[in-house]
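Visitor: Under my numbering, the first residue of the sequence shown is numbered 5, with each subsequent residue one higher. The C-beta atom is built at its ideal place from N, Cα and C for all residues, glycine as well. Questions regarding the structure given below will be posed in turn.
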Amino acid sequence: MHRFLFGLSLVAGLSLQAKDQLPNIVLILADDMGYGDPRCYNPKSKNPTPSIDRLAREGIRFTDAHAPASFCVPTRYGLLTGRYPHRIKLNWRSQALIEEGRTTVPSVLRGKGYTTAMIGKWHLGFEGGPNYDYSKLLVGGPVDHGFDSYFGIP
């Protein structure tokens, strides 16, 4: 938790370095991808990852990060909220897992002037359950938790 708060304060501090220009932040959370899969971390990798390698070369690499859980839903919850994943009930199809009003990393970044977006799977629940009409607005999803836009699956 302390590392998360330190990282968040670091990001907030970086936003003060140039009043007119915020540094770009791209965060990639990939399921089923090992530490040694991208070539930027393992030059002998059999998987070509030129775009990830370029991001690593031109940006900041985190080399001592740890997932708070062994699968994606609690990891995503912990990453976005800074809370330990055991604080939620893992029944993502029946309720929104991030409580209304909960501070999230994207909401903090948005408050600092960033435009935020999420692309990919949400899987952190939403209001509506398994029989939800997906032609309607997704309530309790990413745009309700700090993201300006979202493209993906709930």
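Within 10 angstroms of its Cβ, does His-149 collect 16 or more other Cβ (buried), or is it exposed?
Guide: So His-149 counts as buried.
Visitor: Could you name the residues of the same chain whose beta carbon sits closer than 6 Å to that of Ile-157, not counting the 5 residues immediately before and after it, in chain order?
Guide: These residues qualify, in order along the chain: Lys-125.
Visitor: Kindly provide the ranges of any alpha helix (DSSP H) runs that are 4 or more residues long and lie completely inside the stretch 52-80, ordered along the chain.
Guide: As far as the stretch 52-80 is concerned, its whole alpha helix (DSSP H) runs of at least 4 residues are 54-62.
Visitor: Taking all protein chains shown into account, decide if Phe-10 is buried (16 or more other Cβ within 10 angstroms of its Cβ) or exposed.
Guide: With a pLDDT of only 46 at Phe-10, under 50, the local geometry of the prediction cannot be trusted, and the value read off the model is given with reservation. Exposed, since its Cβ has fewer than 16 Cβ neighbours within 10 Å.
Visitor: List the residues that DSSP assigns as beta-bridge partners of Gly-215.
Guide: The structure shown has nothing for residue 215, since the chain only spans 5 to 158.
Visitor: Quick one: Cα of Lys-116 to Cα of Gly-63, how far?
Guide: Looking at the two C-alpha atoms, the distance is approximately 20 Å.
Visitor: Go to Ser-139, then tell me how far its beta strand (DSSP E) extends in each direction, as first and last residue.
Guide: Run containing Ser-139: none; DSSP gives neither H nor E here.
Visitor: DSSP on Ser-153, reduced to helix/strand/coil?
Guide: If DSSP states are grouped into helix, strand and coil, Ser-153 belongs with the strands.
Visitor: Tell me which residues share the same chain as His-90 and place their Cβ nearer than 8 Å to its Cβ, disregarding the 5 neighbours each side in the sequence.
Guide: Pro-78.
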